[in-house]
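S.K.: One structure, as structure tokens, below. Some questions next.
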Amino acid sequence: MHNLEANLVLKSIEKIATAFKDSELNEAKKRKLLNGLKEEVKTVGSFYIATKTKSGYSR
413 MHNLEANLVL KSIEKIATAF KDSELNEAKK RKLLNGLKEE VKTVGSFYIA
463 TKTKSGYSR
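Just so we're aligned: the sequence shown equals residues 413 to 471 in the working numbering.
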């Protein structure tokens with residue numbers, strides 16, 4: 413499950429990197445993409461910590 417979540421984040425990073433190469437993208441759109449990525453990373457991180465602590469592991 414963790415690999416699936418990590419792959420989704422990596423795909424998002426790849427999309428954003430590709431979009432950043434596009435010189436037509438303005439600063440507001442770049443910020444929006446980065447904020448979306450931050451939220452995805454937080455979600456995956458929270459899920460990872462929750463599953464590790466449930467199964468008896470600490471961070």
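For each residue, glycine too, the CB sits at the ideal point set by N, CA and C.
Since this is a predicted model, take the numbers as computed values, not measurements.
On a CA-only basis, which of T463, V421, K433 and S458 is nearest G448? Give me that one, please.
M.R.: Per the Cα distances, V421.
S.K.: With DSSP as the reference, label L437 as helix, strand or coil.
M.R.: Reduced to three states, the DSSP call for L437 is coil.
S.K.: When you compare the CB positions of A418 and V456, do they come within less than 8 Å of one another, or not?
M.R.: Yes, they are a contact pair.
S.K.: Could you tell me the distance, in whole angstroms, from the CA atom of E426 to the CA atom of L445?
M.R.: If you take the alpha carbons of E426 and L445, they lie about 11 Å apart.
S.K.: Going straight from the alpha carbon of I461 to that of K433, what length do you get?
M.R.: Rounded to whole angstroms, I461 to K433 spans 33 Å at the Cα level.
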